[in-house]
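Residue numbers (the working numbering): 46 to 128. A quick write-up on the structure given underneath.
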């Protein structure tokens with residue numbers, strides 16, 4: 046196991062697990078915070094996996110995920126504002 050893969054696994058546990066817990070709560074703002082945190086951590090995990098496996102296709106996926114997660118957070122906030 047390379048250090049890149051070990052860091053990706055640690056980032057999954059430390060970064061993505063709290064995001065899933067926050068997104069599963071009842072409060073709307075908690076869900077939005079979990080979505081924003083997951084949108085930040087998931088591309089970082091993909092970047093670490095790209096370096097660990099030496100595959101450049103994961104870089105494209107991370108870039109698209111980062112752009113779409115920002116858009117998804119804005120759409121979620123817009124839908125919440127209508128209520």
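Each residue gets a CB set at the ideal place from its N, CA and C atoms; glycine is no exception.
TODO: Give every residue of the same chain whose Cβ lies closer than 8 Å to the Cβ of residue 64, excluding the five residues on either side of it in the sequence, and list them in chain order.
DONE: Walking along the chain shown from the start, residue 64 turns up at place 19. Correct list, in chain order: 79, 80, 82, 83, 86.
- Item | Per-residue burial, residue 112 [other beta carbons within 10 Å of its own, 16 or more giving buried] | Residue mapping note: residue 112 aligns to position 67 of the chain shown, counting from 1. When all chains shown are included, residue 112 counts as exposed.
Straight-line gap, residue 122 to residue 48 (C-alpha atoms, nearest Å):
Taking the first residue of the chain shown as 1, we reach residue 122 at position 77. Taking the first residue of the chain shown as 1, we reach residue 48 at position 3. Their Cα atoms are separated by approximately 37 Å.
| query | Looking at residue 92 and residue 107, is the spacing between their C-beta atoms short of 8 Å? | reply | Here residue 107 refers to the residue found at position 62 of the chain shown. Here residue 92 refers to the residue found at position 47 of the chain shown. Result yes, Cβ atoms of residue 107 and residue 92 sit closer than 8 Å.
> For residue 46, which option in 103, 96, 127 has the closest C-alpha, if you only look at C-alpha atoms?
Replying inline: Taking the chain shown and counting its residues from 1, one reaches residue 46 at position 1. Of the listed residues, the one whose Cα sits closest to residue 46 is 96.
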